Every structure is written in C-alpha cells, then in structure tokens.
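Participant:
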Amino acid sequence: MKKILREIVPKNVIEFIRVKKIKIHTKKLAKLDSKRFMNHSFIMQHNVKSFEQYEAKITKLYHSIEKGLSYEETRLGFGKEVLDNLLLLMNGYKSCGFPLDTEFYSTALSNLYKYIELHEKKGYDVEHLKQQVKNLNGCSNDLGGTYDLRIKEVLENLNCDFEKFSMSRHSVRDFSDKPVDIELVKKAIHLAQNTPSACNRQGWKIRVIADDSVKRVMEKNQNGNRGFGHLIDKYLLITTDSRYFAMPRERNQPYIDGGMYAMNLLYSLHYNGIATIPLSASLTYEQEKNIRRALKLEESENLILFIGIGNYLESCKIPKSTRKTPEITII
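Numbering (this note's numbering), first residue to last: 35 to 365.
1. Roughly how many angstroms separate the alpha carbons of P312 and F340, rounded to a whole number?
2. DSSP three-state call for I77: helix, strand or coil?
3. Is it right to say S200 is buried, meaning 16 or more other beta carbons lie within 10 angstroms of its own, or is it exposed?
4. My guess is that F76 and F132 are in contact by the Cβ rule of under 8 Å, so how many angstroms apart are they, rounded?
5. By how many angstroms is the C-alpha of M72 removed from the C-alpha of Y147?
6. Would S140 be called buried (16 or more neighbouring beta carbons within 10 Å of its own) or exposed?
7. Counting only the same chain and skipping the five closest in sequence on each side, list residues whose C-beta sits under 7 Å from that of G261.
8. Is it the case that the Cβ atoms of V167 and G126 are separated by a distance below 9 Å?
9. Would the region 238–252 count as touching the region 261–275 if we require 3 or more Cβ pairs under 8 Å?
10. Taking Cβ positions, are T136 and E89 nearer each other than 9 Å?
11. So the candidates are A280, L303 and T93; which of them puts its Cα closest to the Cα of E222?
12. By DSSP's criteria, I51 is part of a beta bridge. Which residues make up the other side?
13. When you compare only the Cα positions, how much space is there between R70 and K91?
14. Using the DSSP secondary-structure output, state which residues sit across from D182 in a beta bridge.
15. Could you tell me the distance, in whole angstroms, from the CA atom of E49 to the CA atom of K55?
16. If D176 sits next to S144, beta carbons under 8 Å apart, how far is it from one beta carbon to the other, in whole angstroms?
17. Considering only the beta carbon of each residue, do S2 and H97 sit closer than 9 Å?
18. What does the Cβ neighbour count give for K220, buried or exposed, with the cut at 16 atoms within 10 Å?
19. Do L95 and L123 have their CB atoms nearer than 9 Å?
20. Under 7 Å Cβ to Cβ from S314, same chain only, skipping five residues before and after it: list those, please.
21. Could you say which of H204, C130, T108 and T180 lies nearest to G344 if we only look at CA atoms?
22. State the Cα-Cα distance for the pair G111 and L152, rounded to the nearest angstrom.
23. DSSP beta-bridge partners for K239?
24. Report the rounded CA-to-CA distance for E187 versus C233, giving the unit in angstroms.
25. Taking only three categories from DSSP, how would you classify G342?
26. Expressed to the nearest angstrom, what Euclidean distance is found between the alpha-carbon atoms of F209 and I266?
27. Express the C-alpha separation of E197 and Y158 in angstroms, rounding to a whole number.
28. Determine the contact status of I338 and G293, defining contact as a CB-CB distance below 9 Å.
29. Where does K268 sit, in a helix, a strand or coil, going by DSSP?
30. Using the C-alpha atoms, what's the distance from N336 back to T229?
31. Going by C-alpha to C-alpha distance, which of N286, R52, F279 and N298 sits closest to H224?
32. Taking H59 and P282 to be in contact with their CB atoms under 8 Å, please state how far apart those CB atoms are, rounded to whole angstroms.
33. Please check the pair S276 and S202, which I expect to be a contact at CB under 8 Å, by giving their CB distance rounded to whole angstroms.
34. Taking the beta carbon of D246 as the centre, do at least 16 other beta carbons fall within 10 Å, making it buried, or is it exposed?
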C-alpha cells in the first residue's frame, strides 16, 4: 500500500506530510519533557516533598555557603537568606522522618558549623544561628568547609595515573593576575576534540572570550560568578549547533554531546596546567539574549557551558564539595 501511495501521491505532498508528522511528534516529546520537569523538579518551595528533592535543594544551598567560605576576603554575615532557607529545609527534611546520617545532611551540618566557627573567630555574633543548628540533631564533622589547594600538588599530579589526575582537578575561584597563554588554550581545545559524539558529528563550537568589554557582558549575565568574576582572565563558551542533529528523538542530543565535550575540555585544560571554573549556561531569556547579541551567536546554537580560566595562585582556598557515594544498580 505504501509503495502504491508513493507512486500516485506527489512528492511535495509526501514531504509536507512527513515534516508535519515530525513537528507534531517533536512538540509531543517537548511537552512530555516540560511536564516531567514541572512535576518533579524543586522549582517551587511547596514542591519539595521527596527525599531526592530535599537532597538536591539542601546540597545546592549548603554549597552556596561553602563557596562563600572559600573567598579570600569573606564578608562576615554573608548569605543570610541562604542560611534561612537551608535551616527551613533541613527542619522540613527532619520532620519528614528521613535519615539524618546521610552524606548530604551531614555535609550541610558541617558547613553550618564551619560558618559559625569562622564568625566566632572574627568576633561576629552568631549565637542565634548556633542554637538553630543545635536543634538539627547532628554533630560536627569535617565533610564541609574549604580545602587549601596548592599549585605544587596540582602540577605533580598532571602526569600521574588517571585516578590521581582526575582527583586533582578542582574548580578554582581565585586566579593570579598573569594572563593565560593562548597557545596552551588552543592545545587544550585540540586535545578535547577526541570527545565522542552521535555518529561522530562533533556539533560543538568553542569561543575564547578575552576582550574586556565582552567579558563584562559575561559577568553581568552569567549567574554564578558573583564575587570572583573580575578575577577570571578569559571565558570559554561551549555551544552546540542544532543543524548537526535530526529527528525528534535527538532533541536532547545537542546537550548530551555538548556536556561530554565540556567535561573533556575541563580535563584538557587541567592537563595543560590551566585553572578552571565551570559556570552554568542556565540563563533567563534576557540574559541569553544579551549574550547572544554580544557574541553574535547563530540562532541554531545551544548554550552548553561557560568556563572561566586563569593561572593558579601558589595557594588558594576551594570548597571541599564532598561527593556522595554513588548508588550502583546492576540489572
């Protein structure tokens, strides 16, 4: 029947029907993606009900405190709103009867105690916070806080086995004022080109942003560089081009391929002794419009990740960013 229809129906009509079906299917899948996100993300406070939602939001908030503790000149009393939300969530988690010995809950407590310890040393009154933290039923531990990263240790591990190499890569927010050698950046980009991709299409693009006026646009419109953006020597922006992909089932492939490339590039930059900080490309409509205009991005490009780069200081504080133990399911 299909063969007969192909013979009697004009090709332009067949193509019109095919494209129409693809559009309908794509919209259906996009609607399913949107529904899943709206139903299960912690986009609203009242949506935080499950263990996984509590884990994600508590981790997000305690890491914000941890980052504040890592700044060279920590502003005393910082993060009041974050602290209030974190305490509210931890009390909510506790009242739900979830286990209090989990890594993320213990790490959150550790960061709260580290916050108190720092402020008490500086003579800043945190007695009210101290009482609230005591009520969370946990003891002090060393999972949170900061770690002193020394460039000597980093460079010693660049040519070691992969385990040591991988464990030596950290996100850095303090950089020296020495510019990064652009030739080293190019070497890292060439090395990262070995990233696997769907059918080897390699749909990613990379821009190195060194111009001060464009860097200011990045700092103003990217949400995660507050307090250290001015120290970044150069920004890298990774995008993927939708023109390299096809079919509704590939709607997320630009982000999958782009994400793999981004991690490979972070390792490549690390291998070349360049300090990095990955920065989210999750932007508002206006922020994305401003960045697209400043960089003259094609409409077909998807923003994947910003990477701030610079040279290492001899020593700097970084968040511990404790990793949870993975759950491995074998089926």
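From the three backbone atoms N, C-alpha and C, an ideal C-beta is built for every residue, glycine too. Nothing here was measured: the structure is a model prediction, and the numbers come from that model.
Facilitator: So, from the listed chains and residues:
1. As a position in the sequence shown, residue 312 is number 278, starting the count at 1. As a position in the sequence shown, residue 340 is number 306, starting the count at 1. So the alpha carbons of these two residues sit roughly 6 Å apart.
2. The residue you call residue 77 lines up with position 43 of the sequence shown. Correct three-state label for I77: coil.
3. Here residue 200 refers to the residue found at position 166 of the sequence shown. Exposed, since its Cβ has fewer than 16 Cβ neighbours within 10 Å.
4. Residue mapping note: residue 76 aligns to position 42 of the sequence shown, counting from 1. Residue mapping note: residue 132 aligns to position 98 of the sequence shown, counting from 1. Rounded to whole angstroms, the Cβ separation of F76 and F132 is 15 Å, and the two are not in contact under 8 Å.
5. The sequence position of residue 147 within the sequence shown is 113, counting from 1. The sequence position of residue 72 within the sequence shown is 38, counting from 1. If I take the Cα positions, the gap works out to 34 Å.
6. Locating residue 140 in the sequence shown gives position 106, counting from the first residue. It is buried - the Cβ of S140 has at least 16 other Cβ atoms within 10 Å.
7. Position 227 of the sequence shown holds residue 261. These residues qualify, in order along the chain: Y105.
8. Here residue 167 refers to the residue found at position 133 when the sequence shown is read from its first residue. Here residue 126 refers to the residue found at position 92 when the sequence shown is read from its first residue. Against a cut-off of 9 Å, the Cβ pair of G126 and V167 comes out as no contact.
9. Output reads yes: the region 261–275 touches the region 238–252.
10. In the sequence shown, the residue the question calls residue 136 occupies position 102. In the sequence shown, the residue the question calls residue 89 occupies position 55. Yes, Cβ-Cβ distance for T136 and E89 is below 9 Å.
11. Position 188 of the sequence shown, counted from the start, is the residue given in the question as residue 222. It is Ala, not Glu, that sits at residue 222 in the sequence shown. That would be L303, whose Cα lies nearest to the Cα of A222.
12. As a first step, residue 51 must be located in the sequence shown, where it is residue number 17. In the DSSP output, where bridge partners are listed per residue, I51 has none listed.
13. Residue 70 sits at position 36 when you count from the first residue of the sequence shown. Residue 91 sits at position 57 when you count from the first residue of the sequence shown. Those two C-alpha atoms are separated by around 18 Å.
14. Looking up residue 182 in the sequence shown gives position 148. Checking the DSSP bridge columns, you'll see D182 partnered with K351.
15. Walking along the sequence shown from the start, residue 49 turns up at place 15. Walking along the sequence shown from the start, residue 55 turns up at place 21. About 10 Å.
16. Working through the sequence shown from its first residue, we reach residue 176 at position 142. Working through the sequence shown from its first residue, we reach residue 144 at position 110. D176 to S144, Cβ: 7 Å. Contact.
17. Nothing in the structure corresponds to residue 2, since the chain is present only between 35 and 365.
18. Stepping through the sequence shown from its first residue, residue 220 is reached at position 186. Its Cβ having fewer than 16 others within 10 Å, K220 is exposed.
19. Within the sequence shown, numbered from 1, the residue matching residue 95 stands at position 61. Within the sequence shown, numbered from 1, the residue matching residue 123 stands at position 89. Yes, the Cβ-Cβ distance between L95 and L123 is below 9 Å.
20. Sequence index remark: in the sequence shown, residue 314 carries index 280 (1-based). So the qualifying residues of the chain are N257 and G258.
21. Taking the sequence shown and counting its residues from 1, the one referred to as residue 344 is at position 310. Among H204, C130, T108 and T180, the Cα nearest to that of G344 is on H204.
22. Looking up residue 111 in the sequence shown gives position 77. Looking up residue 152 in the sequence shown gives position 118. Each residue's Cα considered, the two are about 10 Å apart.
23. Sequence index remark: in the sequence shown, residue 239 carries index 205 (1-based). According to DSSP, K239 bridges with T273.
24. Within the sequence shown, the letter at position 153 stands for residue 187. Within the sequence shown, the letter at position 199 stands for residue 233. Their Cα atoms are separated by approximately 39 Å.
25. Translated into the one-based positions of the sequence shown, residue 342 becomes position 308. Reduced to three states, the DSSP call for G342 is strand.
26. Here residue 209 refers to the residue found at position 175 when the sequence shown is read from its first residue. Here residue 266 refers to the residue found at position 232 when the sequence shown is read from its first residue. Between the alpha carbons of F209 and I266 lies a distance of about 7 Å.
27. Your numbering for residue 158 matches position 124 in the sequence shown. Your numbering for residue 197 matches position 163 in the sequence shown. Spanning the two alpha carbons is a distance of roughly 41 Å.
28. Start at 1 with the first residue of the sequence shown, and residue 338 comes out as number 304. Start at 1 with the first residue of the sequence shown, and residue 293 comes out as number 259. Yes; because the gap between Cβ atoms is below 9 Å, this pair is in contact.
29. Numbered from its first residue, the sequence shown carries residue 268 at position 234. Look at K268 here: in three-state DSSP terms it is strand.
30. Along the sequence shown, one-based indexing puts residue 229 at 195. Along the sequence shown, one-based indexing puts residue 336 at 302. CA-CA distance, T229 to N336, rounds to 18 Å.
31. For the purposes of this step, residue 224 is taken as the residue at position 190 of the sequence shown. That would be N298, whose Cα lies nearest to the Cα of H224.
32. As a working note, residue 59 is residue 25 in the sequence shown. As a working note, residue 282 is residue 248 in the sequence shown. Their Cβ separation, rounded to whole angstroms, is 5 Å, which keeps H59 and P282 in contact under 8 Å.
33. The sequence position of residue 276 within the sequence shown is 242, counting from 1. The sequence position of residue 202 within the sequence shown is 168, counting from 1. Incorrect: roughly 36 Å between the Cβ atoms, too far for contact.
34. Indexing the sequence shown from 1 puts residue 246 at position 212. Classification for D246: exposed.
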